[in-house]
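First comes the structure, then the notes that go with it.
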Amino acid sequence: MRAVSIKTVLTIGCAMGALAAMPTAAAAQDQTADEGTSVTSAPADQVTSPGQTAIIVTGSRIKQDPTKSSLPLQVITTKDLTREGINSPEQLISFLSTNGNGADNLASNSDVTSGAQRGTNGLSAANLRGQGASSTLVLLNGRRVAAHGLTGSAVDVNQIPFAALERVEVLKDGASALYGTDAVGGVINFITRTDFEGVDLTGFTDITQEGDSPIYRLSGTVGYGNLAEQGFNIMASVSKSWNGILRGSDRDFVNGNQPNRGLSVDTRGTPIATMMANGANAFFAPDGSLLSGADLTIPGTTINANGGINVLDLPGGAGCDSFDGGMAYDHELWANDSAYYACAWDTGRAAILQQPLETLTYYGRATVALGQHQLSFEVTGSDADSSKQFSSNQYAGNTSTTPLYYPLNPLTEDTYNEIYNQLVEVFPDIAQNYGKPIAYRWRCTVCGPREYKTNTKTFRAGAFIEGPIGGDWDYRAGGSYAQSEASSVLGSGYSYRGVFSSADRATSSGVPGAVRGSPDPRAPTAPGATDPGIIGLLNSGIINPFSIYQTPEALAALKAVSADGTVLYGGKYDVWQFDASVSGSLFQLPAGAVKLAAGVDYRREGYSFNGSPEAELDQPEIFNVAFDNVNALKEAHRTVKAVYGELLIPVFDMLEVTAAGRLDDYSGFGTTFNPKFTAKFTPTDWLMFRGSYNTGFRVPNFNQIFNGVTESPNPGNTLVDPTTCPGGAVSSDPGCEAITPDTLTGGNLNLGPETSKQYSFGVVLTPSRYFSASVDYWSIAVDDTIGALTLQQLLDNIAYFPERVTRTDGIITQVDLRADNIGSRRTEGLEVSLRGGADVGGGTLSVGMDGTYLLKKKEKFLPSAPYGDSLIGVFTFSGDLGLKWKHNAWINYTKDNVSLNFSQIYRDGYENQALPGIANGSVTRPDYNERVKAYIVYNASVSVDVDERFRITAGVKNVFNTDPPFAITYDSNTGAGSSWEPRVADPRGRSFTMMAQMKF
10 MRAVSIKTVL
20 TIGCAMGALA
30 AMPTAAAAQD
40 QTADEGTSVT
50 SAPADQVTSP
60 GQTAIIVTGS
70 RIKQDPTKSS
80 LPLQVITTKD
90 LTREGINSPE
100 QLISFLSTNG
110 NGADNLASNS
120 DVTSGAQRGT
130 NGLSAANLRG
140 QGASSTLVLL
150 NGRRVAAHGL
160 TGSAVDVNQI
170 PFAALERVEV
180 LKDGASALYG
190 TDAVGGVINF
200 ITRTDFEGVD
210 LTGFTDITQE
220 GDSPIYRLSG
230 TVGYGNLAEQ
240 GFNIMASVSK
250 SWNGILRGSD
260 RDFVNGNQPN
270 RGLSVDTRGT
280 PIATMMANGA
290 NAFFAPDGSL
300 LSGADLTIPG
310 TTINANGGIN
320 VLDLPGGAGC
330 DSFDGGMAYD
340 HELWANDSAY
350 YACAWDTGRA
360 AILQQPLETL
370 TYYGRATVAL
380 GQHQLSFEVT
390 GSDADSSKQF
400 SSNQYAGNTS
410 TTPLYYPLNP
420 LTEDTYNEIY
430 NQLVEVFPDI
440 AQNYGKPIAY
450 RWRCTVCGPR
460 EYKTNTKTFR
470 AGAFIEGPIG
480 GDWDYRAGGS
490 YAQSEASSVL
500 GSGYSYRGVF
510 SSADRATSSG
520 VPGAVRGSPD
530 PRAPTAPGAT
540 DPGIIGLLNS
550 GIINPFSIYQ
560 TPEALAALKA
570 VSADGTVLYG
580 GKYDVWQFDA
590 SVSGSLFQLP
600 AGAVKLAAGV
610 DYRREGYSFN
620 GSPEAELDQP
630 EIFNVAFDNV
640 NALKEAHRTV
650 KAVYGELLIP
660 VFDMLEVTAA
670 GRLDDYSGFG
680 TTFNPKFTAK
690 FTPTDWLMFR
700 GSYNTGFRVP
710 NFNQIFNGVT
720 ESPNPGNTLV
730 DPTTCPGGAV
740 SSDPGCEAIT
750 PDTLTGGNLN
760 LGPETSKQYS
770 FGVVLTPSRY
780 FSASVDYWSI
790 AVDDTIGALT
800 LQQLLDNIAY
810 FPERVTRTDG
820 IITQVDLRAD
830 NIGSRRTEGL
840 EVSLRGGADV
850 GGGTLSVGMD
860 GTYLLKKKEK
870 FLPSAPYGDS
880 LIGVFTFSGD
890 LGLKWKHNAW
900 INYTKDNVSL
910 NFSQIYRDGY
920 ENQALPGIAN
930 GSVTRPDYNE
940 RVKAYIVYNA
950 SVSVDVDERF
960 RITAGVKNVF
970 NTDPPFAITY
980 DSNTGAGSSW
990 EPRVADPRGR
1000 SFTMMAQMKF
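Heads up: the sequence shown begins at 10 in this note's numbering, then just goes up one per residue.
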């Protein structure tokens, strides 16, 4: 008989547990479950509570029974967060099965980024239904918070005062009619406690099995005053959290050197320098270099080794793997025979998997009862410091902007002669060049990883009032101001260049006789060097690029030319908001009251972005820094004025229809009206059918409009001209040579809004107090999509965008990737929720599952173009990775003061990337997997109420210590990625959590 592993049994058991509970649920006694998250409408302990008080739930202004909502609303309680060991808003967002798989978390943005991901330092965002962070509305107590200061678009969820939360409501439906036209993907509403009395202290730890990347949180909440009896309540909450660093080198699964599986790294910038055949430079090598002009034909072949030579890889050499992270350059896999004798370096192991993050959040609220009216004041804010670190700078020598030449002098002669002797044995023709400096490419690991340090401060203050008007009519009104301000500075890994990289810089410097490539005397000069900056230092021979060890004098010299502490950029986003609404019954119909809600909404958004004075042309240049001065924006504003209405009509006892509409006036974009219709049909108490339809209208964010034009080089080795290479993969075939076009990115002053239409319909079953199930189909159609093509997308659709491609002598040398309204997007799916329970052994057993099944994910980039192939389960370097199926399943048993929890997180597999040699069919690797395996992890926890004031919870996350599945995510064009997918998996492995909560 075929063996079945315990993991297989648990996979099946957790996924089907809710279904298995159905028979016992019907026989369960009249008692509510103690745990669980309901996607049908409300927490499990509210599934069918009779006489439920009507309240305002996310998605409607009309008060209603939350257990009978016509919209798919997931309510997550603090018990659910404890069950899964969730300790931050970012972890919660990643946990949601309805959230997409975009580069929206800190792990996804820890490496080299490009395009829309630039400027996301310190940002964690939500991405419901994979529609993008800008299409997911994040609310705090039903009102907007400020978008992240650097991007001016997506909200950083880590600013939410997690310790003050009572629950989180996730509306899995468009909500443009009520909250704003941009809520296309859905709404996440973080709701705080409002009438808290006493003291609540919590401590939390989460430490991995290896003892690294610890997570700590301390929080306290105090409250005084009983609103009902004393007429007031004051509460305050503060929380401090620390996330420790986790480096790629700390996990074995991060390994870019797996050639048998089809993965190797395309870089020749290594800690032991790779020699190049660069020619002359007037200032540092007027007669050329050691390899220039020499015959570099590899003996016994016709291959010219002008793609780089590393002495470690020559016959008799120590081997490329003789230094940490080193590997032989896989010239077959990358279809680059000229690099036959080159080494590569594992850049992915230099990136960090968990960014060090230190966050302080605070929340305060004062509420006063004025008769039946309530006046409240609220203030909240955060202060976060993060550190993004990735691979050390690569100094790729050339003859102009980065003229690197290792000289022959008394300081270097031993190393020079040793290198020369090894080279001349294989390539005797270089003997004619003895004494000329060695041109090279080098990775400065002793400089440290490249690092961006980011501080983000947020603040929101508001005043709100609500109360009755007469009859069952009530009003709500409020005003608030919110802002997010973020700034980034350089940390380790950056140095002053020391030469003029362009004629414009030379002219702007005011230095007499300055030309492109000449030394820049304004840059700092290291002790012992004769020329300035890192170029001058390297060309002095003080640094030995052919050794991983450097002298103390060399390290001091590197520090002297470091740019540590230099301002990178900063931004600020703020929003003033005022809203007022009324709600109540109009008249009675036989089936109940017709109810109306109407309101007005005004907000004024502002955004500014400042560059760095160090990036100006008249300043000495810092090497390879992603300054964004071209995107500097002094201040831009936008006002949005809106009126909305919502009408609930009980047509007859079983049918209720709601019609809503919102009229928005956007400064600069005009007026738009967007309706929403919902209906629910309840033929019996245990069966409900529901559906909705609405339209949306989203305007571009400030960056997408006002950003300047940035030209970026592309050093990759995977792109081809599709007009000459129909196969689409680099090979030796004519026309299939690798191309390296520069890219233009930036804003578009003519950018228009995008529009959307979406609908859903579903069924909800609640045959007993212990069981509920729901299935909802949803469809989202977005047209005039706001965005920017990726480089690969443009090449794949080159026939539709000839004006965006520049050719020189027939070769593609530049492509235009600036923002535009780029076609349409279609997404469809199913969302499933199951809840069940039974009385077992004097306690309560409850089970549940939330899952999302993707049915369609397609896009096209022009109205006249056809839709492309399905994107479900297809690897992409950027954007949302569409997994066909995702679910979270759990089992809980509670008896007396003890609660046991076991849960499963499942993320489906997808197509793997293929590097050029495999893609073009010239190479086969025995262990290459065309599909990435599913990611499945299990969590367990136990909670004990020691007494009514003290609770302790211990847990194990990733019980089986499952590594992320092997996936080829390395991108030759940016140098980012490795052997796992941060958009899907958690890199920490097994960890142990402990939470203690005390109440007074």
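Glycine is no exception: its CB is placed at the ideal position from the N, C-alpha and C atoms.
Check, Outcome
"Under DSSP, the beta strand (DSSP E) around Pro-684 begins and ends at which residues?", "679–693"
"Could you please give the first and the last residue of the uninterrupted beta strand (DSSP E) stretch that includes Val-791?", "780–792"
"Between Ser-493 and the rest of its own chain, which residues show a CB-CB distance below 6 Å, the 5 nearest in sequence each way excluded?", "Ala-155, His-157, Gly-158, Thr-467, Tyr-582"
"Quick one: what's Lys-466 bridged to in DSSP?", "Asp-392, Glu-494"
"By a C-beta neighbour count over all protein chains shown, 10 Å radius and 16 as the cutoff for buried, is Leu-595 buried or exposed?", "exposed"
"Using the Cβ count rule (16 or more neighbours within 10 Å means buried), how would you classify Phe-715?", "buried"
"I want to see whether chain D comes within less than 8 Å of Leu-626, judged by CB atoms only; does it?", "Absent here is chain D; the protein component of the structure consists of one chain."
"Is the beta carbon of Tyr-338 less than 8 Å from the beta carbon of Cys-352?", "yes"
"Exposed or buried, what is Arg-138 when buried is set at 16 or more other beta-carbons lying within 10 Å of its beta-carbon?", "buried"
"DSSP three-state label for Pro-996, please.", "coil"
"Look at the Cβ atom of Val-263, then the Cβ atom of Ser-1000, and state whether they are nearer than 8 Å.", "no"
"Among the residues of its own chain, which have a CB less than 8 Å from the CB of Leu-547, if the five just before and after it don't count?", "Tyr-404, Leu-413, Tyr-415, Trp-451, Pro-554"
"Specify the secondary structure class of Phe-104 as computed by DSSP and reduced to three states.", "helix"
"DSSP on Val-193, reduced to helix/strand/coil?", "coil"
"So, for Met-1003: in the same chain, excluding its five sequence neighbours on each side, which residues have a beta-carbon less than 6 Å away from its beta-carbon?", "Thr-214, Ala-963"
"Skipping 5 residues on each side, what residues in its chain have a beta carbon closer than 8 Å to that of Leu-564?", "Val-455"
"Hey, could you find the ends of the beta strand (DSSP E) Lys-249 is sitting in?", "241–252"
"For Phe-292, which of Asn-710, Ser-549, Glu-920, Cys-453 has the nearest alpha-carbon?", "Ser-549"
"In three-state DSSP terms, what is Leu-567?", "helix"
"Apart from the five residues on each side of it in sequence, which residues of its chain come closer than 7 Å, Cβ to Cβ, to Asn-830?", "Leu-760, Gly-761, Glu-763, Asp-793, Thr-794, Ile-795"
"Mind checking whether Leu-728 and Leu-800 have CB atoms under 8 Å apart?", "yes"
"On the CB-based measure, 16 or more other CB atoms within 10 Å of its CB, does Leu-187 come out buried or exposed?", "buried"
"What do you get for Thr-7, buried or exposed, if any count of 16 or more other CB atoms within 10 angstroms of its CB means buried?", "No information on residue 7 is available, as it lies outside the stretch 10 to 1009 that the chain covers here."
"Could you give the DSSP three-state label for Glu-665: helix, strand or coil?", "strand"
"Use the C-beta contact count for Asn-430: other C-beta atoms within 10 angstroms, 16 or more gives buried, fewer gives exposed.", "exposed"
"Residue ranges of each alpha helix (DSSP H) run of no fewer than 4 residues wholly in the segment 520–555, ordered along the chain?", "542–549"
"My output table needs one value for Cys-352: the three-state DSSP class, helix, strand or coil.", "strand"
"What residues are listed by DSSP as bridge partners for Gln-767?", "Asn-703, Ile-789"
"In three-state DSSP terms, what is Asn-901?", "strand"
"For Phe-870, collect the residues of the same chain with a Cβ closer than 6 Å to its Cβ; drop the 5 residues on either side in sequence, then sort them by chain order.", "Asn-806, Ile-831, Gly-832"
"Determine the closest residue to Leu-82 out of Gln-100, Pro-170, Phe-171, Arg-176, with distance taken between C-alpha atoms.", "Arg-176"
"With distances taken from CA atoms, which of Val-634, Pro-458, Ser-301, Ile-945 is nearest Asp-995?", "Ile-945"
"Contact between the segment 725–743 and the segment 167–176: three or more CB pairs below 8 Å?", "no"
"Can you tell which of Ala-943, Ser-931, Pro-935, Leu-890 has the C-alpha that lies nearest to the C-alpha of Gln-913?", "Ala-943"
"Taking 8 Å as the threshold (C-beta atoms), are Tyr-979 and Gly-265 in contact?", "yes"
"Where does Val-231 fall in DSSP's three states?", "strand"
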